[in-house]
Every structure is written in structure tokens, then in C-alpha cells.
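Residue numbers (the numbering used here): 629 to 842. Glycine residues also receive a C-beta, built at the ideal position from the N, C-alpha and C atoms. Predicted model, so just to flag it, every value in this text is computed and none were measured.
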Amino acid sequence: MWQLPLHVSAKEVSAYYRLLSSEEQERALRFRVDRPRTEFVLTRGTLRTLLAQYLGSTPQEVQFRYELRGKPALEGESGLCFNVSHTDGLALMAFVMRRTIGIDVENMGRDVDAQRLAERFFSAREVKALKRLNREELRAAFFRCWTRKEAYIKAKGDGLSLPLHEFDVSIMRNETDALLATRPDPAESDRWMVCDVPVGPGYTAALAVRKDVA
Ligand SMILES: CC(C)(COP(=O)(O)OP(=O)(O)OC[C@H]1O[C@@H](n2cnc3c(N)ncnc32)[C@H](O)[C@@H]1OP(=O)(O)O)[C@@H](O)C(=O)NCCC(=O)NCCS
Numbered sequence: 629m630w631q632l633p634l635h636v637s638a639k640e641v642s643a644y645y646r647l648l649s650s651e652e653q654e655r656a657l658r659f660r661v662d663r664p665r666t667e668f669v670l671t672r673g674t675l676r677t678l679l680a681q682y683l684g685s686t687p688q689e690v691q692f693r694y695e696l697r698g699k700p701a702l703e704g705e706s707g708l709c710f711n712v713s714h715t716d717g718l719a720l721m722a723f724v725m726r727r728t729i730g731i732d733v734e735n736m737g738r739d740v741d742a743q744r745l746a747e748r749f750f751s752a753r754e755v756k757a758l759k760r761l762n763r764e765e766l767r768a769a770f771f772r773c774w775t776r777k778e779a780y781i782k783a784k785g786d787g788l789s790l791p792l793h794e795f796d797v798s799i800m801r802n803e804t805d806a807l808l809a810t811r812p813d814p815a816e817s818d819r820w821m822v823c824d825v826p827v828g829p830g831y832t833a834a835l836a837v838r839k840d841v842a
């Protein structure tokens, strides 16, 4: 796993921009706001650089394909799998051989109504667990729950077409096996490892990896 702070000079952003494919450069130019554009360029440029090092090629030679709901993967037969997440000021990238993987990082500084969002997006079991917490504990537990759920849906590549109430994650700290239950197939939960990723203060992150080889 790699952690990348997303604060660099304009000169460095231009250098990363030159590593992108023409489609990625066009995508970058479509952002109307500077910050998300810069974060996309830095993240994608770094992703290309790291993949090239693993593959023994150059960043420009790396070729992506996209799954049905937009999850990027490598073209070819290398077996190298990855996933990326970026939020205000920080990117995380996870790499693994022949295993489906998802990662998510969130900035905990965001102003959120944790209780209301939990009731809207989380499963009944997760909402019940969050209701037992006091105000101070609630915010951190909410972001733990969110990133663990998001890492799992990102690993599966389904985006929000995977209903968020069809699986439960733990809201407790320091879980190494945070996927508690899956529906309608209860055996699915045993096929995954979902755990937290240690990141800098102010952020929460989680990783989901399929246990068997893809
Ligand atoms: C892409 C998606 C899966 C995640 O988006 P996000 O949380 O805003 O963004 P992240 O920074 O974590 O991830 C974006 C990266 O994941 C990758 N990605 C894109 N589509 C993906 C997909 N379907 N599955 C997995 N990864 C995907 C890309 O590398 C992307 O980076 P890029 O935008 O620089 O190309 C989004 O489509 C989505 O469904 N979000 C769900 C949001 C939500 O409400 N979650 C509730 C959790 S409880």
C-alpha cells in the first residue's frame, strides 16, 4: 500500500500531467474546479509510475481497461491488481497479485450528520450498533463503518448498484475481519478480509481483499 499527500507545486502537477494518456488528460481538463483536477492528475500519474515500477515498464506504457461500472484494472496478463482512493489532500493505493481488492479513504474533517446518513445508507445492524455510542465516539465509528463498506463495494467493483443494506460491517476499532454478514449469500462474508488502514490524523481508511486467488 502507498500513501500520497496531495500537496505539491504547479510544476510537479505539470510533470505528472505529462505521464497521463490523452484520454486521461482530456478527463483532467473537464474538471471545472482546480483541486479535484490536481488530485486526479497526481493520483493517476503516481498510479502509472508505481504500476510501471512493478511491471518493469514506463508510466506511459501502462494500459488500463475498465470494468462495467468503471473500476480500472490493468490490460494484459500480469496478474497485478490494484485499487485507488483519493479524498481532500490524500490518496491511497493498494496493490496485490491475483486478488480482487478495494480501498477507501475519507477525510474526517467533513461536516456530516452521522446519525442521519447512517439511517439512510447503513444496514439495520450497523445503525443499531451506532445508536449505542455517545456523541464523541459516534463520528469516528461512522467513518470506520463508511470506509469499510466503501472498500468492500469498491473491491467488488459494483459501485452503488450493490445495496448497502445487504451486508454488515463492524463499527468497532482494530478489527481485522470487519465484514460481519452478507445477504442473500451468507458464505460471501468468509471470502473477504476487510480491515482498517493506518493513515494520518484526520483521515480514516479501510481495505477489502478477496481471500482466494482471482
Ligand atoms: C467510484 C466509486 C465506487 C467510489 O467513489 P469515491 O468514493 O467518490 O472515490 P474514491 O476516491 O474512493 O475512488 C475513486 C477511484 O476508484 C476507482 N474506481 C472507479 N470506479 C470504480 C468502481 N466501480 N469500483 C472500484 N473502484 C473504482 C478509480 O481509480 C477512481 O479514481 P479516479 O476517479 O481518479 O479514476 C463511486 O462510483 C461510488 O459508487 N461511490 C459510492 C459512494 C457512497 O455513497 N458510498 C457509501 C458507502 S457507505
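I'd like the list of long-range same chain contacts for phenylalanine 749, defined as Cβ closer than 6 Å, with 5 residues on each side in sequence excluded. Only residues of its own chain outside the window of five on either side were considered, and among them Leu792 have a CB closer than 6 Å to the CB of phenylalanine 749, listed in chain order.
With a 10 Å radius around its C-beta and 16 neighbouring C-beta atoms as the bar for buried, classify valine 669 as buried or exposed. By the neighbour-count rule (16 or more Cβ atoms within 10 Å), valine 669 is buried.
Which of the three DSSP states is assigned to histidine 793 in this structure? Helix, per DSSP.
What three-state label does DSSP hand threonine 671 in the structure shown? In this structure, threonine 671 counts as helix in the three-state DSSP scheme.
Check this for me: beta carbons of leucine 647 and glutamine 688, under 9 Å apart or not? Less than 9 Å separates the beta-carbon of leucine 647 from that of glutamine 688.
What are the boundary residues of the alpha helix (DSSP H) that includes leucine 657? Boundaries of the alpha helix (DSSP H) around leucine 657: 650-658.
6 Å Cβ shell around glutamate 794 - same chain, five flanking residues per side excluded: Closer than 6 Å at the Cβ level, and outside the excluded window around glutamate 794, lie Arg811.
Under 9 Å between C-beta atoms of glycine 828 and glycine 737: Not a contact, by the Cβ cut-off of 9 Å.
Please find out if some non-hydrogen atom of ligand 1 comes closer than 8 Å to the beta-carbon of leucine 788. Answer for leucine 788: yes, Cβ within range of ligand 1.
Mind checking whether the beta-carbon of glutamate 695 lies closer than 8 Å to any heavy atom of ligand 1? Glutamate 695 Cβ: within cutoff of ligand 1.
Start and end of the alpha helix (DSSP H) containing isoleucine 799? Per DSSP, isoleucine 799 lies in no alpha helix (DSSP H) segment and is marked neither H nor E.
Would you call the stretch 742-759 and the stretch 793-807 in contact, with 3 or more CB pairs under 8 Å? Short answer: they touch.
Length-filtered (4 minimum) alpha helix (DSSP H) runs lying within the stretch 731-785: As far as the stretch 731-785 is concerned, its whole alpha helix (DSSP H) runs of at least 4 residues are 742-749, 752-759 and 763-784.
According to the Cβ coordinates, are alanine 783 and tryptophan 820 closer than 9 Å? Contact flag set, yes.
Pairwise C-alpha distance: glutamate 778 and alanine 834: If I take the Cα positions, the gap works out to 8 Å.
For alanine 842, does the three-state DSSP call read helix, strand or coil? Residue state, collapsed to three classes: coil.
Report the partner residues of asparagine 714 according to the DSSP bridge assignment. With the sequence shown as reference, residue 714 is identified as histidine, and asparagine is not the correct amino acid for it. In DSSP, histidine 714 forms a bridge with Ala719.
Give the DSSP bridge partners of threonine 645, in chain order. Rather than threonine, the amino acid found at residue 645 in this sequence is tyrosine. Looking at the DSSP output, tyrosine 645 sits in no beta bridge, so it has no partner there.
CA-CA distance, cysteine 709 and threonine 775? Near 20 Å, if we compare the C-alpha coordinates of threonine 775 and cysteine 709.
Quick one, are the C-beta atoms of glutamate 747 and threonine 832 less than 9 Å apart? The beta carbons of glutamate 747 and threonine 832 sit no closer together than 9 Å.
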